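Sequence positions in the sequence shown follow full-length UniProt numbering and run 1 to 138.
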Amino acid sequence: MMEQGILLCVDDEMMVLSALRDQLRRVYGHRHLIEIAESAEEGLEILDELAGEGYIPLVIISDWLMPGMKGDEFLIEAHRRFPHVIKIMLSGQADDEAVLRARAHANLHEFIVKPWCAEVLIASIDAGLDAFWRREGA
Numbered sequence: 001m002m003e004q005g006i007l008l009c010v011d012d013e014m015m016v017l018s019a020l021r022d023q024l025r026r027v028y029g030h031r032h033l034i035e036i037a038e039s040a041e042e043g044l045e046i047l048d049e050l051a052g053e054g055y056i057p058l059v060i061i062s063d064w065l066m067p068g069m070k071g072d073e074f075l076i077e078a079h080r081r082f083p084h085v086i087k088i089m090l091s092g093q094a095d096d097e098a099v100l101r102a103r104a105h106a107n108l109h110e111f112i113v114k115p116w117c118a119e120v121l122i123a124s125i126d127a128g129l130d131a132f133w134r135r136e137g138a
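Here's what the structure looks like:
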């Protein structure tokens with residue numbers, strides 16, 4: 001039995017979070033927890049808390065332009081704590097340097113522009129999860 005993982009969506013817009021949560025629940029909800037956070041700080045709290053309870057942080061989908069900590073900073077910090085996690089930046093306004101920083105320092109899996117296509121997002125997550133489980137030998 002695969003251990004239960006966490007798919008975390010971080011965005012300061014609740015409409016975006018609701019749409020992402022619904023899309024991810026349809027595909028992954030039977031296997032994994034789908035969590036949402038309205039800020040990077042809240043996202044890190046959720047990851048730390050659930051990881052402490054034995055869940056595996058698997059995927060983070062983060063906006064870039066958020067109040068407080070920007071998405072690239074958040075993904076870099078999440079990578080420091082959970083280097084194996086699959087990180088996707090989903091943004092309509094990320095600057096190129098932020099994406100490059102996330103690629104260099106957070107092992108960014110993919111950058112997807114808003115508005116996103118659910119099929120593209122799911123394919124990206126699937127590719128990341130396949131690579132993750134191959135690395136883990138599951």
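By construction, the Cβ of each residue, glycine as well, lies at the ideal position given by its N, Cα and C atoms.
As the structure is a computational prediction, the values presented were derived from the model and not from experiment.
| Query | Result |
| --- | --- |
| M66 - containing alpha helix (DSSP H), residue span | Per DSSP, M66 belongs to no alpha helix (DSSP H) and is neither H nor E. |
| E91 - containing alpha helix (DSSP H), residue span | Glu is not the amino acid found at residue 91; the sequence shown has Ser there. Where S91 is concerned, there is no enclosing alpha helix (DSSP H), although the beta strand (DSSP E) it sits in stretches over I86 to S91. |
| N-terminal and C-terminal residue of the beta strand (DSSP E) that A37 is part of | L33 to A37 |
| Residues bridged to R5 [DSSP beta-bridge criterion] | Arg is not the amino acid found at residue 5; the sequence shown has Gly there. Answer is I56, bridged to G5. |
| Option in L129, G137 and R135 with minimal Cα separation from V27 | L129 |
| Outcome for C117 when other beta-carbon atoms lying within 10 angstroms are tallied against a minimum of 16 | exposed |
| Extent of the continuous alpha helix (DSSP H) run through F82 | Counting along the chain, F82 falls outside any alpha helix (DSSP H), and DSSP gives it neither H nor E. |
| Cβ-based burial, P57 [other Cβ within 10 Å; buried from 16] | buried |
| Cβ-based neighbour list, Q23, same chain, cut-off 6 Å, excluding 5 preceding and 5 following | A118 |
| For E13, the three-state DSSP class (helix, strand or coil) | coil |
| Same chain, Cβ closer than 7 Å to M1, five either side skipped, listed in chain order | Its pLDDT being 38, under 50, M1 is placed unreliably in this model, and the value from its coordinates should be taken loosely. None. |
| Same chain only: Cβ atoms within 8 Å of F132, ignoring 5 sequence neighbours per side | L58, H84 and I86 |
| At least three beta-carbon pairs within less than 8 Å, the stretch 61-69 to the stretch 28-48 | yes |
| Rounded C-alpha distance that separates I6 from L33 | 5 Å |
| Whole-angstrom C-beta distance between L90 and S62, which should lie under 8 Å | 7 Å |
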